[in-house]
Amino acid sequence: MSMVLLMTLLLMVQTGAQVLDAAGTPSFKSRDDGVSSSGSDADVRVHSSLSMADTCDRHYEQWNATTKACECKDGFYGMECQMCRSSDVCQVAFQGEADKYTCATGLTYHETSDHKTYDCVLDPALQQLFNDGALAVHCDRATKNCTAAVFKAKDTVRGYHVINCHLSSCEFSNGSGNGRCGLIECKCGSACSPVTKAIVETSLSGKPANITVSKNATLSIDIEGSPIPLAATCKASACEVDKSGGSSSASSSGSGDDDDKTPNAFVLALIISAALAGVILVGVCCCSCFVKPRHGRSRLASDELESELRALGSTSGKVLDFKRINCRITDNKTQETKRILYDISGCAKRGQVVGLLGPSGSGKTSLLNALAAVENGRCQVTGEVKVDNKKIARDYRKIAAYVQQDDALFATLTVRECLLYSAELRLPSTVPEVVKHEMVTRILTELNLIHVEHSRIGGIDGTDTRGISGGERRRVSIGMELVTSPQILFLDEPTSGLDSFSANSVVQLLKELANHGRIVVLSVHQPSTKAFMLLDQVILLAKGKMLYNGAPQEAKNYFEDIGFKCPENENVADFILDIASNANNIPMVRAVFKQKHPEMSVPSAPPTPSKDDSISQTHSVVTRTSRFFRPFAAESSPFMSEDASIDTPRLDDYVMSSPIATPTPATPAPPRFSGPGSPAPMRMPSRSKPNASQTPQRSLRIEVGVLFRRTSLNILRHRSLLMLHLTLSVVLALFAGLIFNHVTNDLAGFQNRSGAFYFILTFFGFASMSSMDLFIAERAIFLRETGAMYYGAFSYFLAKAVLDTCLLRILPATLFASIFYWIMGLQSSLQHFLYFLATLVLFNVAAGSISILVGVICRRVGTANLSATVVFLVMLLFGGFLLNSQTMPKSVGWIKHFSIFSYAFEILMTNELKGLLLKFDAPGYPSVPVYGDVFLKTLGMDYANRYYDLVALATIAFSLQVLSFLFLSLQVPMRQELVEEMQPEKYVAKEKKESSDNAEIV
């Protein structure tokens, strides 16, 4: 409707205006003061019809007998002759009145303002429609009526009126020049064409209207639904009661509302201030990264330090016993079950290094994961695992550490920082900082890492800055687990990817760790002779079946006794691996093993170590203990119930103490182990997540604080991403600002505004895809650390999301808006800028939340990039710029409600175009001033939706963050709980058949 009205008015310009210039018949005859709008000295006022003298207003008018009409008294002019030139004429006119009157000028209403008369010159933009146009307005607060007339300035107000309007139910507030009228009725003179007359008298009548006064004394009559405002530069005056105490004249600063006051600007200012405060807070956290490690480093006395270390001691974990471990995988399509492990049984004692050997696919990692109670993929693991004759429970991971095959470490952190952060996250909060630092120092010394303690880890394959060697990285991974001094240490192929020397060094280190009172279980693919002989026990697997369980020194004779000849000078490990790799050898070797070791099928509890055995083990420990440590006694383990302890001499009575020598529980907890009992064959497992947040000694505040410092340090050291975001924001703001510099208020300006806004949103939308790599690149670290109960998923997500939001979303958007907005020359009020800034910030946060969600769900960068690109392209399509929201098919129109581009684009457009006069300068037509609201309605946008749009952006951002956290929580490794279940008959029959077949082979 607005565009139809606009085009009709354009036709009026080409036709009706020419008629107006040549018109000889008056449109309206009105009272006149003989003063042109420019203010000539002739003060003559005539009625449209002859009047008697008593019809003249005695204060402002006088009867002219010659003309037989009322005329303005000296000093008065304008419509109704009620505009005064000085206070003296007011005093003369109201002489004899009880109150003293003064001439009040200005457009602002006060308590004494009963009426005002305006003498105006039409806005230059409207001169295209009404050449030499003038506007006269008279408002009476008592009757709540206003009269307005548009006429030619050269004809004065007494001449022919092009348009006459009557406004009723008008209200004006004191201290303001603004008013609102409930109804306007307009008449168009004979100079108007029939079409124009119909539009003016129907479309522009019967509607409410606002009278608005701006700072530059511009009065505007805004008719609801009208595309063109009736704007003019005015002056006003009226005789008012003088309450200033006798001053000769009263003057009001002439413009009505001195500023565009609105409480919303204050609210927006608070929002922006809170955002900036968040950025400053993050900056303080980043600075604390360098200050925090120095806190609490005051030296303790030697005896106090040793006392603190003694409090962390433990003697649990003497024997690890596992029986009938089975693993099956069910095909989701065929529902067929494939068996990975077959009744693996055995035990490991404190001080032993147990190696799991076998060719690829033999089940080494599956068995290791089952013993460590970590997630084993789709495997269904059954069986029984006991520690000191007690079944493992939820607290098992607090006494057992698991070192993965790949070293998932932060490339930007130093060796010391990796161990220190592990200690801060995993040791009880009651442990003093100085004790944690001292413990880290001792571990570094024992692992021979002290010389690289301040070296960064570095990347692999040249992806990051070069750092420490592969063997040193592996020792760092081991050291991060040793900060809690676990009783049992599981390692998945710790020698893979290392050269022979580094591999032997790692195995030698593990041997020393075992000698210091631990159980070490590792899977190894192809050890060297030296590494193989360092093992205390070897379990050889082939296709999930145990072929050998014994000392490595006895392996050669064992296999030679059953018919296999070991070539001279061949590595024994390679010899037995060759046997296990030949599928034809497995049935016979398996059958012989069962005959020689029938107890391995259902082993009994291992015998209690004798005192002599303990002492002999201790002797080797003392010879390898560092000179930095002194002996201290350890307390009994809190992870076992009172009846769980085994009556054996304590190794710590003989071992010189160190974080390596004495296992230390990460966080004590009440005993949850069930009583002993013989296992029934195979039960289906249940899974549960590590419940780190319920550990009494673990504080969410500590977790979040440490992760904030670590993440901030990682961002600051790997600053390329942050600097790129900030640099691009500044450069692109300057570049785009200069391109759209001093945007004009015409059709080209409308196009430039809409294009610039959509370009900005597109830039920030696709720039937010950098958030995806934050979680994809660190997924391995997250899985390792949450699986080891370093922290909970909430603490990790909170630190990552807050820092990403503040540093990579809020800060770049703020920089961009602060530069671009003023260079482009958008509306200069603070309120408009704050809306622009708040929109960019919320949009960038919402876009970053989308990228975070995609990064959490997708496991590969390529998949994530493609998925995010498709999501943003769909949102771009339904953003309101490429496709008009009013013409969208209903079947897909609902998608726009999920497009962050739609909400942000509507805010930016309405914030800039609402109330803005644009010249509709279509080629072939005269330029016509049009409200920006007309263009907004054409695009299906409404200024009233701005609050809804802001809330929608914030809601989408928050909802996506919550959804990302939920998906991230689902990825936390689940602890494998082994429970008992009667063995299915089909497996019993299959095992009986295998046993009979093997007996025939033997």
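Residues are numbered in this note's numbering as their position in the sequence shown, beginning at 1, plus a constant of 9. Every residue, glycine too, gets a C-beta built ideally from N, C-alpha and C.
Buried versus exposed, by CB contacts within 10 Å (16 or more), residue i
i, result
"Q361", "buried"
"G184", "exposed"
"H841", "buried"
"T704", "Reliability fails at T704, whose pLDDT of 44 lies under 50, so the model's placement of it is uncertain and the value that follows must be treated cautiously. With 16 or more Cβ atoms within 10 Å of its Cβ, T704 is classed as buried."
"S371", "buried"
"L176", "buried"
"S486", "buried"
"V300", "A caution first: V300 carries a pLDDT of 49, below 50, which makes its placement in the model unreliable, though a value can still be read off. Counting Cβ neighbours within 10 Å, V300 comes out exposed, since fewer than 16 surround it."
"F510", "exposed"
"Y169", "buried"
"Q895", "exposed"
"E990", "With a pLDDT of 47 at E990, under the threshold of 50, the predicted position of this residue should be treated as unreliable, though the coordinate-derived value follows. It is exposed - the Cβ of E990 has fewer than 16 other Cβ atoms within 10 Å."
Sequence-distant residues of the same chain with beta carbon closer than 8 Å to residue i, five excluded per side
i, result
"V865", "F784, S973, F976, L977 and Q980"
"N750", "I832, M833 and G834"
"D108", "V250 and D251"
"G191", "S177, S178, C179 and P217"
Residue nearest to residue i in terms of C-alpha spacing, selected from the options
i, options, result
"N1021", "V383, D141 and M542", "Here the chain covers residues 10 to 1011 and nothing more, so residue 1021 does not appear."
"I408", "R484, G488 and L498", "L498"
"E577", "Y110, K565 and I571", "K565"
"R475", "A107, M983, I334 and A420", "A420"
"K716", "T454, V485 and F791", "Sequence check: residue 716 is Leu here, not Lys. Cα-wise, what sits closest to L716 is F791."
"S354", "W903, L500 and K554", "K554"
"L882", "P238, F772 and L839", "F772"
"T872", "G764, P133, Y69 and M781", "M781"
"E787", "W831, N853 and R719", "R719"
"V533", "L544, F845, H525 and R955", "L544"
"A797", "V960, Y110, Y405 and D587", "Y405"
"L824", "Y799, P932 and L735", "L735"
"D415", "R484, K445, L380 and T391", "R484"
"L743", "I828, S777, N723 and T814", "I828"
"V971", "L807, N853 and A913", "L807"
"S948", "T156, M897, L925 and A931", "The question names Ser, yet the displayed sequence has Leu at residue 948. Measuring from the Cα of L948, the nearest candidate turns out to be M897."
"L365", "G526, N154 and T504", "T504"
Contacting residues, own chain, Cβ-Cβ under 6 Å from residue i (five flanking each side not counted)
i, result
"A245", "L116, K125 and Y127"
"A963", "L851"
"L429", "V449"
"I711", "S438"
"N73", "E80"
"E462", "V424, R425 and L453"
CB of residue i within 7 Å of CB of residue j, strictly
i, j, result
"S229", "T221", "yes"
"I334", "K347", "no"
"S214", "E233", "no"
"L456", "G506", "no"
"L804", "V713", "According to the sequence as given, residue 804 is Ser; it is not Leu. Against a cut-off of 7 Å, the Cβ pair of V713 and S804 comes out as a contact."
"K923", "Y952", "yes"
"N594", "I585", "no"
"G888", "F914", "yes"
"T423", "R359", "no"
"C90", "Y110", "no"
"A247", "A113", "yes"
"V396", "L329", "yes"
"Y799", "L434", "yes"
Cut-off 7 Å between Cβ atoms - residues of its own chain near residue i, not counting five sequence neighbours on either side
i, result
"L131", "F139, G142, A143, L144 and A241"
"S375", "C336, I349, L350, N385 and C388"
"Y830", "F842 and F845"
"A966", "L851, V854, A855 and S858"
Any chain C beta carbon closer than 7 Å to residue i
i, result
"S229", "Chain labels in this structure do not include chain C; a single protein chain is all it has."
**Q.** Minimum length 4: unbroken alpha helix (DSSP H) runs contained in the segment 729 to 802
**A.** Taken in chain order, the unbroken stretches of alpha helix (DSSP H) that lie wholly in the segment 729 to 802 and span 4 residues or more are 729 to 748, 756 to 776, 781 to 785 and 788 to 796.
Q) Which whole runs of the alpha helix (DSSP H) in the segment 171 to 249 are 4 residues long or more, in chain order? A) Listed in chain order, they are 203 to 207.
Q. What runs of the beta strand (DSSP E), each 3 residues or longer, lie entirely inside the segment 72 to 102?
A. At a cut-off of 3 residues, the continuous stretches assigned as beta strand (DSSP E) that sit fully inside the segment 72 to 102 are 78 to 81.
Q. Where are the beta strand (DSSP E) runs, 3 residues long or more, that stay fully inside the segment 344 to 425, in chain order?
A. For the segment 344 to 425, whole beta strand (DSSP E) runs of length 3 or above, ordered along the chain, are 346 to 358, 362 to 366, 389 to 396 and 409 to 412.
Q: Identify every run of the beta strand (DSSP E) within the segment 944 to 987, keeping only runs that are complete inside it and at least 3 residues long; order them along the chain.
A: Counting whole runs of 3 or more residues, the segment 944 to 987 contains the beta strand (DSSP E) stretches 984 to 986.
Q: Could you tell me which uninterrupted alpha helix (DSSP H) segments, each at least 4 residues in length, are contained entirely in the segment 834 to 867, listed from first to last along the chain?
A: Listed in chain order, the complete alpha helix (DSSP H) runs (minimum 4 residues) inside the segment 834 to 867 are 839 to 866.
**Q.** Residue ranges of each alpha helix (DSSP H) within the segment 425 to 466, 4 or longer
**A.** Counting whole runs of 4 or more residues, the segment 425 to 466 contains the alpha helix (DSSP H) stretches 442 to 455.
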